[in-house]
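As they're listed, the protein sequences go chains A and B. Sequential numbering of the first sequence, starting at 7, is according to the working numbering. Sequential numbering of the second sequence, starting at 250, is according to the working numbering. Glycine residues also receive a C-beta, built at the ideal position from the N, C-alpha and C atoms. Remarks on the structure that follows.
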Amino acid sequence: MYDKLIFELSHEGQKAYRLPPLDVEDVNLEDIIPEEYLSEEELDFPELSEVDVVRHYTNLSSKNYGVDTGFYPLGSCTMKYNPKINEDIASLDGFTNIHPYQSENCIQGSLQLMYELGKSFCEIAGMDRMTLQPAAGAHGEVTGVMIIKAYHENRGDFKRNKIIVPDSAHGTNPATAVMAGYSIVEIKSTEEGLVDLEALKAVLGDDIAGLMLTNPNTLGISDRNIKEIADLVHEAGGLLYYDGANANAILGHARPGDMGFDVVHFNIHKTFSTPHGGGGPGSGPVGVKKDLVQYLPVPLVEKDGDRYYLDYNYPKSIGKVKDFYGHFGILVRAYTYILTMGSDGLKKASEIAVLNSNYLLSRLKEHYYLPIDTIYKHEFVLGGLKDTLSEVTSMDVAKRLLDYGFHPPTMYFPLIINQAIMIEPTETESKETLDMFADAMIRIAKEAEENPELLKTAPHNTIVRRPDETKAARNPIVKYER
Amino acid sequence: MYPYIPITTDDEKQMLESIGLNSIEELFADIPKEVQLNRELNLPKSKSELEVFSYLSSLAKKNCSQSDMISFLGAGAYDHYIPSIIDHLVSRSEFYTSYTPYQAEISQGTLQYIFEFQTLICNLTGMDVANASLYDGGTAVVEAAIMAANIARKDEIIISKTVKPDARKILKTYAHAQSLKVVEVDMKDGVTDLEELENKINDNTAAVIIQSPNFFGIIEDLKKAAEITHKIKKASFVASVDPISLGILKKPGELDVDIVVGEAQGMGIPVSFGGPYLGFMAAKKSYMRKLPGRIVGETTDVDGKRSYVLTLTAREQHIRREKATSNICSNQGLNALRATIYMVTLGKEGIKEVAAQSAKKAHYAYEQIIKSGKFKPLFDKPFFKEFAVTSGLDAKTITTELENEMITGGYHLEIDYPQLKNAVLYAVTEKRTKEEIDKLTRVLEGI
């Protein structure tokens, strides 16, 4: 197995680059920059030829598993196929080589794309205006919660210092509320994983700024009381925040805006097919209802006749949340996807995402423990093996799946389900793929009964096996040292 | 059929049967009627790849690509050369179609390049520890401020007015939400007024933030600023730096900086209308367990093989929820890969050469523009690859005239500093040739 670090390949004197000779008059650096600012230390960087760099990272890529490698049923992450045209459009010279501060004349194409994309997101979300600035889902969340804060403060209401977060929520929700200066009130979910209306009523009051909710929730279940939840929160003077993590379940079928949500974010690297890139860059546009538009981050893209421009004239804006205007390159991919799919294709995508999820469940529910037997949306959560006394854990099942060539589902989330295995197949998988995965899962359940050791020592076929996380945290080695 | 949806009508039937339902509609029956959308989305219908390509290409063509222009525009986004191998390697779909590397066994590729990225950032900045990246340079400044405030349990952040305006604006947005107090230190001749810093710093100061080279391209006295900051107990000194400049300038680690942040767009990432870019953060060892974002660590697997995992996750939102050091969940993965490949491709000598050529060409451009007598230096201080000049000419007129000659002019400083009327900030990278610089000078003189 290839196991070198780039630093171990360094060979003195090798070069992988060449610059043109300096064509202006050469001067000593000390003559243009005072010596006290110049470093005397050599840079501790490797020296390599281009071939070595290419082989090294090609070898590293082969140690990765992507959606292009195979099935990636990672619940809540919507690992759908990343269309290749998206990549080609995003790398058009007229998009990549545009400086954010070029004059308005020179950026009309970029502004038009952002304007049209914002409108499309509004229609899909049922909202009135979007900001495309947030860099990721969590960044969208904090932007949205700051907008909620601005709304209350502008009404002169400073006593609302809490945000309600259900116990089934993503970890980013409570962390976001704190980042926006709130403390959180956690409410328990019902046995079905829905918002417990009584628990909600018990905490609502004039200290509540809002509720953060994912719908369908993190169990993959649509909350049938959503209207009542919205009414309760609004009556108490709070606002509703929609975490768009699960938006892939409802495109063209229902809209957060119509459910009563005031602020929405989408994870466009989930719902709108842009690549996850091994952790980023993502993008997390935020939409709001009419009354909240005035608080959106600046600038917003505006249109005057045929001209597009950046509008900074929002005196009540929360301000800027990131450099420039957002992850433009990612937004281009999202718009490519929306144009490709169209109103019909987006709706179809959600239908098949939900069909695939329920089909997979129908094949697995005899073989694994299913805490809640219902119609799920785009994902469902199993509670580990049927034999709850088994020494085999869900993590062992996940590790064994690696031997069968699949990326495991999301494990141990949501926290409210013991031994949770959260499965989201997405619409881009064929029935054959789903069947192969189901067959593997069923075989693993059998193996757990017949040969538990096989699972406890899994994986067996991967290039590394259960790296020691405790050791890594106890004695952190976070950079290479000779 | 849709190219990305492989389920056929026959499949649908079989699958519904297995579920025990008769129609797709029944799968959505759990959504309350009153919130179901009973109409088509008001969007265009689906299109072929060819149609989409042709429409979006037409939008791309409405922009003026920097490939057709000669760019002297910087102000936080720079036109450095991007080696060919970067696009080829990051196009490996095993990299870009993967998720955050939670399953270490099948994510060693991502984990290892992040480990290499962290090492390179540490070596470049002279710091002990770096994270796996942050959204961009501006939010990195904010994350540093919040971390410093949490560690010191104090609520005042001092930031110089020479720090790029976007970063200061983002800081104000977050500071308001978190009830942090932001105090700005004025500038004197284009650099942070260190006397004023000494006057403003106090026992409640959690962090002092300075950018070098600063927004005007001028090199700040980080050493002195660090000394001033460290007179206050538990105050962190934060420097925002241009990583390319560290090819020649003293490393923050040599200057007693506590936390280094910056924007690494210049290292292999296209300007792309402002994003996605690459924020980074490195710090002294004592900050390791307080850093925001992901960190990769080396370990061994059950067979004793060297391997890499996400580590120190007790800081993060998915474990700590409301007690996390930040709500950040992603990093800039693929752009961290771009910067990693950039750094190793240029290597020990290359970064130095890019930095030196940029500095020398910028100084040549400065000399030529000043020589005409029409433009005056805005400040008389040592700079790296950007400099500001002023004149009797309106900045907008200059930009328009340059654009007519296929030159992208500099940034108008008046936008953020109303007192700096007519001042323009020019950036010169290693990509500019003498001929291009001479053309800029010629056109400027002719206005």
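**Message:** Count Cβ pairs between the segment 506-514 of chain B and the segment 484-493 of chain B that sit closer than 8 angstroms; are there 3 or more?
**Reply:** yes
**Message:** For Phe366/B, would you say it is in contact with chain A, using Cβ-to-Cβ distances shorter than 7 angstroms as the test?
**Reply:** Within the second sequence, numbered from 1, the residue matching residue 366/B stands at position 117. Not one chain A Cβ lies under 7 angstroms of Phe366/B.
**Inter-residue Cα distance where the pair is Pro293/B and Asp350/A** = Against the second sequence, residue 293/B aligns to sequence position 44. Against the first sequence, residue 350/A aligns to sequence position 344. Between Pro293/B and Asp350/A, the C-alpha separation is close to 9 angstroms.
**Asked** When the cut-off is 7 angstroms and only beta carbons count, does Tyr327/B lie next to chain A?
**Response** Your numbering for residue 327/B matches position 78 in the second sequence. For Tyr327/B, the answer is no, since every Cβ of chain A falls outside 7 angstroms of its Cβ.
**Message:** I want to verify the contact list: residues of chain B whose CB lies under 8 angstroms from the CB of Thr468/A, in sequence order.
**Reply:** Your numbering for residue 468/A matches position 462 in the first sequence. Under the 8 angstroms cutoff, chain B gives Glu354, Ile355.
**Asked** Which word fits Glu547/B, buried or exposed, when buried means at least 16 other C-beta atoms lie within 10 angstroms of its C-beta?
**Response** For the purposes of this step, residue 547/B is taken as residue 298 along the second sequence, with counting starting at 1. By the 10 Å Cβ count, Glu547/B comes out buried.
**Asked** Around the Cβ of Glu278/A, are there at least 16 other Cβ atoms within 10 angstroms (buried) or fewer (exposed)?
**Response** On the first sequence, residue 278/A is found 272 positions in, with the first residue counted as 1. Checking the sequence, you will find Phe at residue 278/A rather than Glu. Burial call: buried.
**Residues bridged to Leu3/A [DSSP beta-bridge criterion]** = Nothing in the structure corresponds to residue 3/A, since chain A is present only between 7 and 488.
**Asked** Between the Cα of Tyr216/A and the Cα atoms of His240/A, Asn231/A, Ser368/A, which residue gives the shortest distance?
**Response** Numbered from 1 along the first sequence, position 210 holds the residue referred to as residue 216/A. Tyr is not the amino acid found at residue 216/A; the sequence shown has Gly there. Taking only the C-alpha atoms, the option nearest Gly216/A is His240/A.
**Message:** For Pro414/B, would you say it is in contact with chain A, using Cβ-to-Cβ distances shorter than 7 angstroms as the test?
**Reply:** As a first step, residue 414/B is located in the second sequence; it is residue number 165 there, counting from the start. Not closer than 7 angstroms to any Cβ of chain A, the Cβ of Pro414/B fails to qualify, so no.
**Request:** Could you list which residues in chain D have their beta carbon closer than 8 angstroms to that of Tyr71/A, in chain order?
**Result:** Of the protein chains in the structure, A and B, none is chain D.
**Asked** Span of the beta strand (DSSP E) holding His271/A?
**Response** Position 265 of the first sequence, counted from the start, is the residue given in the question as residue 271/A. From DSSP, the beta strand (DSSP E) with His271/A extends over 269-272.
**Asked** Mind checking whether Gly387/B and Asp329/A have CB atoms under 7 angstroms apart?
**Response** Locating residue 387/B in the second sequence gives position 138, where the first residue counts as 1. Locating residue 329/A in the first sequence gives position 323, where the first residue counts as 1. Their beta carbons are under 7 angstroms apart, which means Gly387/B touches Asp329/A by this criterion.
**Message:** Rounding to the nearest angstrom, what Cα-Cα distance links Phe624/B and Tyr247/A in this structure?
**Reply:** The sequence position of residue 624/B within the second sequence is 375, counting from 1. The sequence position of residue 247/A within the first sequence is 241, counting from 1. If I take the Cα positions, the gap works out to 53 angstroms.
**Request:** Quick one: residues in its chain with C-beta nearer than 8 angstroms to the C-beta of Thr346/A, no 5 flanking neighbours on either side, listed in chain order?
**Result:** Position 340 of the first sequence, counting from 1, holds the residue named residue 346/A. Once the five neighbours on either side are set aside, the close Cβ partners of Thr346/A are Pro89, Ile91.
**Whole-angstrom C-beta distance between Ala479/A and Leu561/B, which should lie under 8 angstroms** = Along the second sequence, one-based indexing puts residue 561/B at 312. Along the first sequence, one-based indexing puts residue 479/A at 473. With a Cβ gap of about 6 angstroms, Leu561/B and Ala479/A count as contacting.
**Prompt:** Cα-Cα, which of Glu475/A, Leu44/A, His466/A is closest to Tyr351/B?
**Reply:** Numbered from its first residue, the second sequence carries residue 351/B at position 102. It is Glu475/A.
**Message:** Considering Cα atoms alone, identify which of Leu219/A, Ile381/A, Leu15/A is closest to Gly266/A.
**Reply:** On the first sequence, position 260 is the one that residue 266/A refers to. Checking every option, the nearest Cα to that of Gly266/A belongs to Leu219/A.
**Asked** Counting contacts by CB-CB distance shorter than 7 angstroms, is Phe330/A in contact with chain B?
**Response** Locating residue 330/A in the first sequence gives position 324, where the first residue counts as 1. So, interface residue.
**Request:** Apply the 10 Å Cβ neighbour rule to Glu343/B and answer buried if 16 or more other Cβ atoms are within range, or exposed otherwise.
**Result:** Taking the second sequence and counting its residues from 1, one reaches residue 343/B at position 94. With 16 or more other Cβ atoms within 10 Å, it is buried.
**Message:** Taking the beta carbon of Phe13/A as the centre, do at least 16 other beta carbons fall within 10 Å, making it buried, or is it exposed?
**Reply:** Counting from 1 along the first sequence, the entry for residue 13/A is found at position 7. Buried.
**Item:** Beta-carbon neighbours of Met264/B, restricted to chain A and to distances below 7 angstroms
**Value:** Against the second sequence, residue 264/B aligns to sequence position 15. By Cβ distance, chain A contributes Leu361, Tyr365, Lys437.
**Item:** Helix, strand or coil at Phe412/A according to DSSP, with G and I counted as helix
**Value:** Locating residue 412/A in the first sequence gives position 406, counting from the first residue. Phe412/A falls in the coil class under three-state DSSP.
**Prompt:** Given Ser116/A, which residues of its chain have a CB within under 8 angstroms of its CB, disregarding the five upstream and five downstream residues?
**Reply:** The sequence position of residue 116/A within the first sequence is 110, counting from 1. Phe101, Ile104, Phe334, listed in sequence order.
**Request:** Provide the residue(s) that pair with Gln352/B in DSSP beta bridges, ordered along the chain.
**Result:** The count along the second sequence starts at 1 and reaches residue 352/B at position 103. None; Gln352/B has no bridge partner.
**Prompt:** What in chain B is Cβ-close to His271/A, meaning under 9 angstroms?
**Reply:** Counted from its first residue, the first sequence places residue 271/A at position 265. Here the premise fails: no neighbours, minimum Cβ distance about 12 angstroms.
**Message:** So the candidates are Val60/A, Thr75/A, Ser68/A, Phe51/A; which of them puts its Cα closest to the Cα of Met7/A?
**Reply:** Sequence index remark: in the first sequence, residue 7/A carries index 1 (1-based). Among Val60/A, Thr75/A, Ser68/A, Phe51/A, the Cα nearest to that of Met7/A is on Ser68/A.
**Message:** So if I threshold CB-CB distances at 9 angstroms, which residues from the segment 177-208 of chain A count as touching chain B?
**Reply:** Gly177, Thr178, Asn179, Pro180, Ala181, Thr182, Ala183, Val184, Met185, Ala186, Gly187, Tyr188, Ser189, Ile190, Glu192
**Asked** Taking a cut of 9 angstroms between CB atoms, which residues from the segment 302-316 of chain B lie near chain A?
**Response** Phe302, Tyr304, Leu305, Ser306, Ser307, Leu308, Ala309, Lys310, Lys311, Asn312, Cys313, Ser314, Gln315, Ser316
**Message:** Does Ala208/A pass the burial test, meaning 16 or more other C-beta atoms within 10 Å, or should it be called exposed?
**Reply:** As a position in the first sequence, residue 208/A is number 202, starting the count at 1. Exposed, because fewer than 16 other Cβ atoms sit within 10 Å of the Cβ of Ala208/A.
**Prompt:** Name the chain A residues that come within less than 7 angstroms of Pro215/B, Cβ to Cβ?
**Reply:** In the structure as shown, chain B starts at 250 and stops at 696, and residue 215/B therefore has no counterpart that could be examined.
**Prompt:** Counting only beta-carbon atoms, is Glu685/B nearer than 7 angstroms to chain A?
**Reply:** For the purposes of this step, residue 685/B is taken as the residue at position 436 of the second sequence. Judged by the 7 angstroms Cβ criterion, Glu685/B is not in contact with chain A.
**Message:** According to DSSP, Thr548/B sits in a beta bridge with which residue or residues?
**Reply:** For this step, residue 548/B is matched to residue 299 along the second sequence. DSSP output for Thr548/B lists Ser556/B as bridge partner(s).
**Prompt:** By the 10 Å Cβ neighbour count, where 16 or more other Cβ atoms means buried, how is Arg230/A classified, buried or exposed?
**Reply:** Within the first sequence, numbered from 1, the residue matching residue 230/A stands at position 224. Its Cβ having fewer than 16 others within 10 Å, Arg230/A is exposed.
**Proximal chain B residues relative to Lys477/A, where beta-carbon distance stays under 8 angstroms** = For the purposes of this step, residue 477/A is identified with residue 471 of the first sequence, where counting begins at 1. Going along chain B in sequence order, the residues near Lys477/A (Cβ under 8 angstroms) are Thr548, Thr549.
**For Thr220/A, the first and last residue of its enclosing beta strand (DSSP E)** = Along the first sequence, one-based indexing puts residue 220/A at 214. Start and end: 214-220.
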